[in-house]
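Undergrad: Same order as they appear, the protein sequences are chains A and B. Following the working numbering, the numbering of the first sequence begins with 88 at its first residue and continues without gaps. Following the working numbering, the numbering of the second sequence begins with 74 at its first residue and continues without gaps. Backbone N, C-alpha and C define an ideal beta-carbon position, used for all residues, glycine too. Since this is a predicted model, take the numbers as computed values, not measurements.
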Amino acid sequence: MDAGFGPRIIFEIGGIPITETVTNTWLIMIAVIVFSYFATRNLEKIPGKLQNAIEALVDAIYGLTKQSMGDDKVGFAPYMGTLLIYLTIANLLGLVGFRPPTADVNTTLSLAIMTFAMIHGFGMKSKGVGTYLKGFTEPFAALTPLNVIGELATPISLGFRLFGNIVGGLIIMSLLYSALAVLSAKIGLGIPIFQTAVPAPFHIYFDLFAGVLQSFIFVMLSMVFVSMAMD
Amino acid sequence: MYIGMEYYKINSDCECDFMAGSKFKMYENLVFLTQIGISMVVPILGGLLIGKFIDEKVGTNSIFMLSFIVLGVVVAFMNVYKMVMRDYRKKDK
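1. Short of 7 Å Cβ to Cβ, which residues in the stretch 220 to 246 of chain A face chain B?
2. Apply the 10 Å Cβ neighbour rule to A/Ile103 and answer buried if 16 or more other Cβ atoms are within range, or exposed otherwise.
3. Should A/Val313 go down as buried or exposed, given a rule of 16 or more other Cβ atoms within 10 Å for buried?
4. From the DSSP output, in three-state form, read off B/Ile136 for me.
5. Is it buried or exposed for A/Arg95, if we count other Cβ within 10 angstroms and need 16 for buried?
6. Using DSSP's beta-bridge definition, name the partner residues of A/Ile148.
7. For B/Met158, return the contacting residues in chain A, with the cut-off set at a CB-CB distance below 9 Å.
8. Taking Cβ positions only, does B/Gly77 come closer than 8 Å to chain A?
9. Distance, Cα to Cα, A/Ala204 vs A/Phe98?
10. By alpha-carbon positions, which one of A/Met310, A/Met317, A/Met315, A/Ala316 ends up nearest to A/Gly168?
11. From the DSSP output, which residues share a beta bridge with A/Glu99?
12. Contact check, A/Leu387 vs A/Gly246 under 8 Å by CB: the rounded distance?
13. Suppose the cutoff is 6 Å on Cβ atoms and the five residues either side in sequence are ignored; what does the same chain contact list for A/Ala316 look like?
14. So, does the stretch 231 to 247 of chain A touch the stretch 184 to 197 of chain A, judging by three or more C-beta pairs under 8 Å?
15. Over what stretch of residues does the alpha helix (DSSP H) that includes A/Phe203 continue unbroken?
16. Nearer than 7 Å: is that true of the beta carbon of B/Ile117 relative to any heavy atom of the ligand FMN?
17. On the three-pair Cβ rule with 8 Å, is the stretch 289 to 307 of chain A touching the stretch 173 to 180 of chain A?
18. Going by Cα to Cα distance, which pick from B/Thr107, B/Met151, B/Phe97 is closest to A/Val356?
19. What is the residue span of the alpha helix (DSSP H) that A/Thr169 lies within?
20. Can you name the residues of chain B whose CB is closer than 8 Å to the CB of A/Met307?
21. Select from B/Lys130, B/Val153, B/Ser140, B/Lys98 the residue whose C-alpha is nearest the C-alpha of B/Ile111.
22. Would you mind telling me which residues of chain B sit closer than 7 Å to A/Ile304, beta carbon to beta carbon, in chain order?
23. Can you tell which of A/Asn252, A/Leu276, A/Gln282, A/Leu174 has its C-alpha closest to the C-alpha of A/Asn266?
24. Determine, for B/Val115, whether the minimum Cβ-Cβ distance to residues of chain A falls below 8 Å.
25. Could one say the Cβ of A/Gln138 lies closer than 8 Å to chain B's Cβ atoms, at least one of them?
26. Under 8 Å: do the stretch 105 to 122 of chain B and the stretch 139 to 149 of chain B share three or more Cβ pairs, one atom per stretch?
27. Let me confirm a value: A/Lys273 is counted as buried when at least 16 other C-beta atoms fall within 10 Å, else exposed. Which label applies?
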């Protein structure tokens, strides 16, 4: 714990620091790309075990999108599914000892800004620019600046809630590990006996429960905000 | 159990019955419930930071900070109001 809880800088490319966040994101990208490649080879009419599982996942994502955005906006399913899969894997990365990329505000805020761009881009596209701009003057024109600030708050609250949840879990887990290390050293067996079982329930809560829940919430809110802007 | 299954079948118009009908609506509302807290805090803190920044630039004591905090409170209220009234407006249309 020499440099706080920020992501470590692994190496630099031309003066640009490459942190753990970036390398772990690359790891997830490689894993997802390789998995997708091998999962979609040899697709058959009568699905095997793997294909069945993948089809169930894709169906679930399409069902979720249909339910919360409506039948006409089911085209958003690929993006929302990608977001859900990426965020779930990213949040669960803490379980295998990597630092979750979502414990960096750059990751979460950039995802939130993508949602923000979608909200306003698709809002303009489906309503027309005039109607879209007129929406800011509701309920009356004097409230326009307040509406604009309120819209700007959306990506910030989206990004920071995910970041806060994950980084909070990360900090608590690393504090717990260092406390347990001290305790084990006090006993003096030479084996890190406390670090073996004690953190498990905390991992289940902070990594598994909070991680999956927060990624679901992020995707759900993105879907609802985009569909709200379009209707 | 039987009634539950019947309901499930009626409400699933697609072959992908991930979550059906009112149960899904409940999840959606729970997600919004978790968002209410932070959407109240963010505009106020944002107002505080922006106001403080302007105060330092202009050299005033704390007039911008206070007015931006008040603005933030109003925006926070409007955000939460919109979020809560979302379903009521849908019913009116």
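TA: So, from the data block:
1. Leu233, Ile236, Gly237, Ala240, Ile243, Ser244
2. exposed
3. buried
4. helix
5. exposed
6. Its beta-bridge partners do not exist; DSSP assigns none.
7. Ordered by position in chain A, no residue passes the 9 Å Cβ test against B/Met158, which lies about 11 Å from the chain.
8. In this prediction, B/Gly77 has a pLDDT of 42, which is less than 50 and means its spatial position is unreliable; nothing more can be read from the coordinates.
9. 31 Å
10. Nearest of A/Met310, A/Met317, A/Met315, A/Ala316 to A/Gly168, Cα basis: A/Met310.
11. A/Pro104
12. For residue 387 of chain A there is no data in the structure shown, the boundaries of chain A being 88 and 318.
13. Ile206, Gly210
14. yes
15. 192 to 214
16. Within the structure as shown, the ligand FMN is missing, as the structure has no ligands at all.
17. yes
18. What is shown of chain A runs 88 to 318, which leaves residue 356 of chain A out entirely.
19. 164 to 179
20. Tyr100, Glu101, Val104
21. B/Val153
22. Taking a Cβ-Cβ cut-off of 7 Å, the neighbours of A/Ile304 in chain B comprise Val104, Thr107, given in sequence order.
23. For the sequence presented, residue 266 of chain A should be read as Ala rather than Asn. With distances taken between CA atoms, A/Ala266 lies nearest to A/Gln282 out of A/Asn252, A/Leu276, A/Gln282, A/Leu174.
24. yes
25. Not one chain B Cβ lies under 8 Å of A/Gln138.
26. yes
27. Counting Cβ neighbours within 10 Å, A/Lys273 comes out exposed, since fewer than 16 surround it.
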